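Notes to accompany the following structure.
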Amino acid sequence: MKRWPLSFLIGGVLTDIFIAAAIISLFWTPYDVTALDIPGKFQAPNMSHWFGTDHFGRDLLSMVMIGTRNAVMVSLVAVGVGMVFGVPLGLWAAAAKSGGGKLIDEMLMRGNDLIFAFPSLLMAILITAVFGPGAINAIIAIGIFNIPVFARVARGAALPLWKREYILSACVCGKSAARISMEHIMPNIANLLIVQATIQFSVAIIAEASLSYVGLGTQPPDPSLGRMLSEAQTMIFFAPWLAYIPGGVIVTMVLGLNLMGDGLRDVLDPKLNRKRTSEVEDGAA
Amino acid sequence: MGRFLLKRFLSLVITLLVATVIIFIMIEIVPGDPAAYMMGLSGSTEATEALRAELGLNMEPWQRYFSWVSGMITGDFGISYTYRIPVSELIIERTLVSVPLTVYALILSTLIAVPVGVISASLRGRFADTALMGIAQVGVAVPNFWFAILLVLLFSTSLGLFSAGGFPGWDAEFFECLKALTLPAISLALPQAAILSRVMRSSVLEVMNEDYIRTARAKGLSKRQALLRHGLRNAMIPVLTILGLQFSFLLAGGIIIESIFSLPGLGRLVFQSIAQRDLIVVQSIVTLLVFAVVMITFIVDLLYAWVDPRLREGG
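Note that the protein sequences, when read in sequence, are chains A and B. Per my numbering, the first sequence runs over residues 5 to 289. Per my numbering, the second sequence runs over residues 182 to 496.
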C-alpha cells in the first residue's frame, strides 16, 4: 500500500466536511432559512449565529449549508453528464482510430474542439438565459462543457492501450471494439477519469457560483453561494462577513477538491506527466 | 509546411461555419419577439409587423442566416435592436475597453507567474517553493468575482485608492483610464497567474532535466546561467499555449468582472443584450469571441509548428 500524500489527506478532510455539511442540511440546519427575523438582522458572527445573519436576519450558517448542498448537487450532476457522454465518445474515437477509422476519430475530435472554441461562461449564461434560469439548466450548461474534457482525457488514455498485447489478444478472441473498450480499456483508464472528475468538480463549483452570482443559477428562495455574494455586494461596507463567508466557503471547497485531485494523481498514476506531454504533441500535430 | 497550413486553415473555416450555425440556431429558439419587445406594450400589430419587416425578421430563417453571415464577412453586422446603431460600431466601442483590460490582465499574470514559477522550480522542495505553490493552490480556487469584491472592499472602501467602478473613456487622461482598469485587471489576473505559475514551475523542472542543460552545465555554466540562457526559452513554450488560451478565456470571462466594476466592455454589452433580447448583438459578439478563440488556437498551432519542425510532419 502506497502512502497517501499530505495534500490528499488535507483535501479529503476538507471535501468530507463540505459533503457532510451538504448531507446534514438535508435533514437539519441550525435555523430555518425561510424564516425572516428582521430585528435580528446584520448580526456579526457570534455564539448563537456562528456565521452571523444577513439583511433579513436569516442565519448565514444555515444558508451556507444549503448553498453548499446546491453547489455540490449541481456540480456532481454536471460532471456526471460530462462523463456519461464524454467518456464513451473518447473511447469510441480511440477505438476508431486504432481500427483504421481515422475519419470518425477526426470528426469526433474536431467536434470536441468546436465546443472548446465557445467561451464556456458566456455560453452557460446564454443557455440559462434562453431556457430560463434555474438549477437544471445550470447543470446542462455546465455539463455540456464537461463533455469534451472527458472525451479528450478518455481518448488520450485509451489510445496507447490499444497497442498493448492484452488488447490485441482480446481482438483475436473476436471481441468487438465496444466490448473491449468496456471490459479492458475502461478499468485501465478509470484512475485517470477519477482524477479528472475531481478537477472538473471543482471547476463546476466555480461555474455554478458564477452563474448564480449573475442570477441564472439556483433560484430564490433556495440559498446559493453565488447569489449570497451578489446580494452581499451592496452591504459589504457595514456587513463584510456577508461577503467573506460564502466566498471563503467556495474557496475552501474548491481548494479541498483540487488538493484531493492532485494527491490522487500522485498516488494513482506516477507516469501521468509523461503521458501528458505526449498527448500535447499528439494534439498539436 | 504548405499542406499543414492548408489543412489547418480548412479546419478553421469549417469550425467557424459550424459555430455560426449553432449560434444562429440557439438564438432562433430564444423565446420572445424582438420587434414586440422594442415596440413595448403600446405597439399596434401593424407597427410591430412593419418593424419586423424593417429588421428582416419576417424572412425565412435560412435567408436570415445567409444574410447575417454574408453581412459579417463584409463587416456589416446589422443594426442593434435596442441601440438603433450598427452593431459593428457598438462592438468596436466596447472592444476598446475589453481588449485593453484583457491585455492588461495577461501582462500582470505573466509578470507574476513567470518569476514565481522560476523561483519555485529552482528552490524545489524548499520552504519558499512550498509556500509559493501553496499560495498558487489557493489562488486557483478563488473565483475572480469574489476576489474583485474583496479588492473593492480593501482598495476602494478602506484605503480609498481606487474608485469602485466606472470608466472615464479613452478621451480622458491615459493614466486615469489605466487606474480605472487596474482593479478589474488584478481580479482577472490573479487566479490566472496562479494557474500559470504552476505550469511555469513544472515546465522549468522538466526542462532542467534535458540533455542540453546538462551539456550547458558541463561547459561550465552555473545552474542559473544554464536556466536563463538555454532553459527559459524552452520552458516558455507550454506557458505560451496557456497564455493563448487564457486570452480568449479572459476576453469572454470578463463578463462578470465588467459588471462588478461597471466597465462598458463587451461582456457587459452581451449580458445586457441578452436581458433586452437584443439578439443580433448577442449573436455577433458570441461569433466574434468564437472567432477570436479559433484564430488564437490557429496562431498557437502555427507557432508550435514553426518552433518545432517535428510537429509539421505528423500533421
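Glycine residues also receive a C-beta, built at the ideal position from the N, C-alpha and C atoms. Quantities reported herein were computed from a predicted structural model and do not represent experimental measurements.
Cutoff 8 Å: residue i Cβ touching any chain E Cβ
{"i": "residue 268/B", "result": "Of the protein chains in the structure, A and B, none is chain E."}
Chain-ordered neighbours of residue i on chain B, where CB pairs are closer than 7 Å
{"i": "residue 237/A", "result": "330"}
{"i": "residue 176/A", "result": "Simply none; closest approach about 29 Å."}
{"i": "residue 262/A", "result": "318, 321 and 322"}
Reference residue i, options the options, closest by Cα
{"i": "residue 363/B", "options": "316/B, 282/B and 277/B", "result": "282/B"}
{"i": "residue 210/A", "options": "324/B, 304/B, 428/B and 314/B", "result": "324/B"}
{"i": "residue 199/A", "options": "271/A, 234/A, 40/A and 233/A", "result": "271/A"}
{"i": "residue 42/A", "options": "69/A, 216/A and 63/A", "result": "63/A"}
{"i": "residue 455/B", "options": "112/A, 212/A, 57/A and 136/A", "result": "136/A"}
{"i": "residue 295/B", "options": "466/B, 423/B and 452/B", "result": "423/B"}
{"i": "residue 123/A", "options": "267/A, 59/A and 150/A", "result": "150/A"}
{"i": "residue 442/B", "options": "278/B, 458/B and 416/B", "result": "278/B"}
{"i": "residue 334/B", "options": "48/A, 193/A and 240/A", "result": "240/A"}
{"i": "residue 202/A", "options": "268/A, 250/A, 174/A and 85/A", "result": "268/A"}
{"i": "residue 218/A", "options": "207/A, 226/A, 232/A and 206/A", "result": "232/A"}
{"i": "residue 221/A", "options": "13/A, 104/A, 143/A and 18/A", "result": "143/A"}
{"i": "residue 262/A", "options": "73/A, 146/A, 206/A and 229/A", "result": "206/A"}
{"i": "residue 103/A", "options": "208/A, 213/A, 119/A and 167/A", "result": "167/A"}
{"i": "residue 238/A", "options": "58/A, 31/A and 26/A", "result": "58/A"}
{"i": "residue 390/B", "options": "375/B, 207/B, 377/B and 415/B", "result": "415/B"}
{"i": "residue 465/B", "options": "477/B, 476/B and 450/B", "result": "450/B"}
{"i": "residue 326/B", "options": "309/B, 319/B, 372/B and 352/B", "result": "372/B"}
{"i": "residue 252/B", "options": "342/B, 211/B, 268/B and 447/B", "result": "268/B"}
{"i": "residue 247/A", "options": "189/A, 228/A and 119/A", "result": "228/A"}
Length of the line joining the Cα atoms of residue i and residue j
{"i": "residue 480/B", "j": "residue 197/B", "result": "15 Å"}
{"i": "residue 297/B", "j": "residue 289/B", "result": "12 Å"}
{"i": "residue 483/B", "j": "residue 473/B", "result": "15 Å"}
{"i": "residue 69/A", "j": "residue 189/B", "result": "49 Å"}
{"i": "residue 22/A", "j": "residue 195/A", "result": "23 Å"}
{"i": "residue 139/A", "j": "residue 313/B", "result": "36 Å"}
{"i": "residue 413/B", "j": "residue 486/B", "result": "19 Å"}
{"i": "residue 193/A", "j": "residue 182/A", "result": "15 Å"}
{"i": "residue 74/A", "j": "residue 145/A", "result": "16 Å"}
{"i": "residue 419/B", "j": "residue 231/B", "result": "55 Å"}
{"i": "residue 428/B", "j": "residue 257/A", "result": "27 Å"}
{"i": "residue 157/A", "j": "residue 203/B", "result": "25 Å"}
{"i": "residue 293/B", "j": "residue 287/B", "result": "10 Å"}
{"i": "residue 254/A", "j": "residue 82/A", "result": "17 Å"}
{"i": "residue 374/B", "j": "residue 321/B", "result": "8 Å"}
{"i": "residue 360/B", "j": "residue 243/B", "result": "46 Å"}
{"i": "residue 245/B", "j": "residue 458/B", "result": "17 Å"}
{"i": "residue 328/B", "j": "residue 183/B", "result": "46 Å"}
{"i": "residue 452/B", "j": "residue 467/B", "result": "11 Å"}
{"i": "residue 366/B", "j": "residue 126/A", "result": "19 Å"}
Reduced DSSP secondary structure (H/G/I, E/B, other) of residue i
{"i": "residue 27/A", "result": "helix"}
{"i": "residue 349/B", "result": "coil"}
{"i": "residue 496/B", "result": "Residue placement at residue 496/B is poorly supported in this model, since its pLDDT is 40, which falls under 50; the coordinates still yield a value, given next. Three-state DSSP puts residue 496/B in coil, outside helix and strand."}
{"i": "residue 250/A", "result": "helix"}
{"i": "residue 57/A", "result": "strand"}
{"i": "residue 445/B", "result": "coil"}
{"i": "residue 49/A", "result": "coil"}
{"i": "residue 1/A", "result": "Residue coverage of chain A in this structure runs from 5 to 289, which leaves residue 1/A outside it and unanswerable."}
{"i": "residue 215/B", "result": "helix"}
{"i": "residue 257/B", "result": "coil"}
{"i": "residue 324/B", "result": "coil"}
{"i": "residue 63/A", "result": "strand"}
{"i": "residue 267/B", "result": "strand"}
{"i": "residue 277/A", "result": "Residue placement at residue 277/A cannot be trusted, given a pLDDT of 48 that sits under 50; the coordinates are not used to answer."}
{"i": "residue 139/A", "result": "helix"}
{"i": "residue 360/B", "result": "helix"}
{"i": "residue 185/B", "result": "helix"}
{"i": "residue 195/A", "result": "helix"}
{"i": "residue 175/A", "result": "helix"}
{"i": "residue 396/B", "result": "helix"}
{"i": "residue 166/A", "result": "coil"}
Where residue i meets chain A, residues with beta-carbon distance less than 9 Å
{"i": "residue 261/B", "result": "In chain order: nothing, as chain A lies at least about 17 Å away."}
{"i": "residue 240/B", "result": "Within 9 Å Cβ-Cβ: nothing; residue 240/B doesn't reach chain A, min ~21 Å."}
8 Å Cβ cut-off: residues of chain B touching residue i
{"i": "residue 214/A", "result": "324, 326 and 437"}
Contact list for residue i against chain A, beta-carbon separation under 8 Å
{"i": "residue 416/B", "result": "Neighbours of residue 416/B on chain A: none; closest Cβ ~13 Å, over 8 Å."}
Residues that residue i contacts on chain B, provided the C-beta gap is smaller than 9 Å
{"i": "residue 233/A", "result": "324, 326, 327 and 330"}
If the cut-off is 9 Å on Cβ atoms, which residues from the segment 427-456 of chain B count as contacting chain A, listed in chain order? 429, 430, 432, 433, 434, 436, 437, 440, 441, 448, 451, 452, 455 and 456
Anything in the segment 308-341 of chain B with a Cβ closer than 8 Å to a Cβ of chain A? List those residues in chain order, please. 318, 319, 321, 322, 323, 324, 326, 327, 330, 331, 333, 334 and 338
Using a Cβ-Cβ cutoff of 8 Å, what residues of the segment 134-154 of chain A are near chain B? List them in chain order. 134
With 7 Å as the limit, tell me which residues of the segment 104-126 of chain A have their beta carbon closer than that to any beta carbon of chain B; keep them in chain order. 114, 117, 118, 121, 122, 123, 125 and 126
Residues in the segment 185-202 of chain B with C-beta within 8 Å of chain A's C-beta atoms, listed in sequence order? 192, 195, 196, 199 and 200
Contact set between the segment 240-260 of chain A and chain B, restricted to residues whose Cβ is under 7 Å from the partner: 240, 241, 244, 247, 251, 254, 255, 258 and 259
For the segment 181-204 of chain A, enumerate the residues whose C-beta is nearer than 7 Å to any C-beta of chain B, in chain order. none
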